[in-house]
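Q: The structure that follows is given in the form of structure tokens.
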Amino acid sequence: MNAWWIAWKDLKIQFRDVGAMLLLFLVPMIVITIASFALGGLFQASLRVPFVDADDSAASRQVLAEFEKVEGLTIERTYKEDENVRPMTEEYAKRRIEDGDRSVAIVIPAEFGQKIRDGDQTAFIILQNPAERMNTTIVRGVLEAYATRLSADSVIQKIAVEEMLAASGGLANPGEIARRVRDRSEKLWEDPPVLVTATNVVQVQGAGVDPFKQNVPGYAIMFALFTVLSGGGTLLREKETGTLRRLLIAPVTRTDILIGKLLPTFLTVLMQMTVFFAFGHLVFGMELGSSLAGLALIGAAVAMAATSLSILMAAFVKTEAQLSGVSLLVVLAMSSLGGSWWPLEIVPDFMRTLAHLITINAWAMDGFKDILWYGRGVVDVLPEVGVLLLMSVVAFGVGLAKFKLT
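Oh and the sequence shown: position 280 is 300 in the numbering used here, straight run, nothing missing.
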């Protein structure tokens, strides 16, 4: 109870500076908004690919039809210029890639269909930005699969013609044989003998993953670390001015004093996270999952772990200036490594392992993803909550033992 009265006094002092409190909430919301729109490409549902058909044959139209079936690709056959809609051209596609608006385009060269009918060699052309290897690999993989099919048809056609000519003593009609082989091949490809099927091992909640489901929790954790580390600064400042020493005269324990001084930052972090998630939901329509209780549980565990970290750091530095430099390094390292800035799914395995060994962020993001991405509940996030609470106990215990009030 004594800790609460100490905390209440500090909360009243903290909230007197209305401008500072507004910035405490406004700055993170601006950063979340900018980051979500800037990094939205990581979560975009479709890769936009200009498609240039310089042949306009049945074969090129079939290639287009196959590409339009591929999930995750949006094929651009036209472009708008001077209020007019024009067929996509190679020059325009190159300009879009040079400008950085697109990363890859497909060109079907002239006489493509005729060369396939004649069994001559032809090629798909890929225009690409070599810095965007992931997108190029996706398009190239689809093209190579279709090229293999066309090559197989051509090889089979040549073999069939050669064998029929040999069997008939040269009396068979090569053109007729080739036509019949093409017709039969097209019929068989309507129901191919080998298919690719996909099974969703996990189900994504609601409308799926969007940048706000990554960036709202990610940056909320990062700014929580910045906020609670300011609590460590308060401890050092009051230690330097002798305030903590004078508190020892009152009938309160050393633990009451430290808890009372850290409780305001813990409550401030909870308020921050509530505001940030409400902001994402109300302004940008971010889904909050099916368990608000699970969301609140993860948020409380994050606040507790970060608050405990603040006393741990305050115990091992001597001045506020030292704490400022060290805390900046710790928060930025944890945020970049732990998945606050980008999904851990895109980083190497060793970095994911390291993130779970030394950061609060990685475990917190796992918990938030369970709720926001996969629609899971309280029971599912208990492992992450347990790890965060263990971090809290260890950090607070060490900090409590090492921090000196005088």
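Backbone N, C-alpha and C fix where the C-beta goes; we use that ideal spot for every residue, glycine too.
Computed from a predicted model, the values in this text were never measured in an experiment.
Which first and last residues belong to the beta strand (DSSP E) in which Ile128 is found?
A: Val124 to Ile128
Q: Are the beta-carbon atoms of Phe423 and Ala323 separated by less than 9 Å?
A: no
Q: Could you pull out every residue in the same chain whose Cβ sits closer than 6 Å to the Cβ of Ala325, ignoring the five residues on either side in sequence?
A: Ile380, Leu408, Met411 and Ser412
Q: Is the beta carbon of Leu287 sitting closer than 9 Å to the one on Leu255?
A: No, they are not a contact pair.
Q: Would you identify the three-state DSSP class for Gln141, choosing helix, strand or coil?
A: Three-state result, Gln141: coil.
Q: Decide if Lys100 is buried, meaning its Cβ has at least 16 other Cβ atoms within 10 Å, or exposed.
A: exposed
Q: For a test of the three-state rule: what should DSSP assign to Tyr99, helix, strand or coil?
A: Three-state DSSP puts Tyr99 in a strand.
Q: From Ala187 to Ala125, what distance separates their C-alpha atoms?
A: Rounded to the nearest whole angstrom, the C-alpha separation of Ala187 and Ala125 is 45 Å.
Q: Using only the alpha-carbon positions, how far apart do Ile145 and Asp76 sit?
A: The straight-line gap separating the alpha-carbon atoms of Ile145 and Asp76 is approximately 15 Å.
Q: Quick check on the DSSP output: the alpha helix (DSSP H) that includes Leu409 runs from which residue to which?
A: Note, Leu409: alpha helix (DSSP H), Val398 to Lys422.
Q: For chain C, find out if any of its Cβ atoms is closer than 9 Å to the Cβ of Gly314; answer yes or no.
A: Annotation note: the requested chain C is absent from the structure, which comprises a single protein chain.
Q: If I follow the unbroken alpha helix (DSSP H) through Pro212, where does it start and stop?
A: Note, Pro212: premise wrong, no alpha helix (DSSP H); not H, not E.
Q: Can you name the start and end residues of the beta strand (DSSP E) that Asn104 belongs to?
A: Asn104 to Pro107
Q: Tell me, please, which residues DSSP counts as bridged to Gln148.
A: Val124
Q: For the beta strand (DSSP E) that Leu67 lies in, which residues bound it at each end?
A: First-last of the beta strand (DSSP E) with Leu67: Leu67 to Asp73.
Q: Applying the criterion that 16 or more other CB atoms from any shown protein chain within 10 Å of the CB defines a buried residue, is Asp390 buried or exposed?
A: buried
Q: With burial defined as no fewer than 16 other Cβ atoms inside 10 Å of the residue's Cβ, what is the status of Leu4: buried or exposed?
A: Residue 4 falls outside the range modelled here, since the chain spans only 21 to 426, and no answer is possible.
Q: Per DSSP, which residues does Thr373 bridge with? Please list them.
A: The partner list for Thr373 (beta bridge, DSSP) is empty, contrary to what the question assumes.
Q: Just to confirm the assignment, what range does the alpha helix (DSSP H) spanning Gly161 have?
A: Gly161 -> alpha helix (DSSP H) spans Arg153 to Ala187.
Q: Could you tell me which residues DSSP puts in a beta bridge with Leu364?
A: Answer is none; Leu364 lacks a bridge partner.
Q: Within the chosen definition, does the region 71-90 reach the region 45-54 through at least 3 CB pairs nearer than 8 Å?
A: no
Q: Specify the secondary structure class of Leu245 as computed by DSSP and reduced to three states.
A: helix
Q: Hey, quick one: how far does the alpha helix (DSSP H) through Met333 stretch, first residue to last?
A: Leu312 to Phe336
Q: Counting only the same chain and skipping the five closest in sequence on each side, list residues whose C-beta sits under 7 Å from that of Ala192.
A: Met184 and Leu185
Q: Decide if Asn104 is buried, meaning its Cβ has at least 16 other Cβ atoms within 10 Å, or exposed.
A: exposed
Q: Which residues does DSSP list as the beta-bridge partners of Leu287?
A: Answer by DSSP bridge pairing: none, since Leu287 is not bridged.
Q: Would Gly397 and Gly300 qualify as a contact pair, given that the criterion is a beta-carbon distance under 9 Å?
A: no
Q: From Val350 to Ile241, what does the alpha carbon distance come to, in whole angstroms?
A: Counting only the Cα atoms, Ile241 lies some 13 Å from Val350.
Q: Is Leu93 helix, strand or coil when you go by DSSP?
A: For Leu93, the secondary structure class from DSSP, reduced to helix, strand or coil, is strand.
Q: Taking the C-alpha atoms as reference points, what is the distance between Ser347 and Leu308?
A: In this structure, the CA atom of Ser347 is about 30 Å from the CA atom of Leu308.
Q: Starting from Asp390, follow the alpha helix (DSSP H) in both directions and report where the run begins and ends.
A: Secondary structure note for Asp390: its alpha helix (DSSP H) is the uninterrupted segment Ile380 to Leu392.
Q: Using the Cα positions of Gly419 and Met371, report the straight-line distance between them to the nearest angstrom.
A: Answer to the nearest angstrom: the Cα atoms are 27 Å apart.
Q: With contact counted as at least three CB pairs below 8 Å, one residue from each stretch, are the region 127-145 and the region 167-185 in contact?
A: yes
Q: Could you check if Thr275 is buried or exposed, using at least 16 other CB atoms within 10 Å of its CB as the buried criterion?
A: Residue burial is scored here from C-beta neighbours: Thr275 has fewer than 16 other C-beta atoms within 10 angstroms and is therefore classed as exposed.
Q: Just to confirm, are Leu46 and Val69 a CB contact at a threshold of 9 Å?
A: One thing to note: Leu46 has its Cβ no nearer than 9 Å to the Cβ of Val69.
Q: To the nearest angstrom, report how far apart Met306 and Lys233 are at their CA atoms.
A: 7 Å
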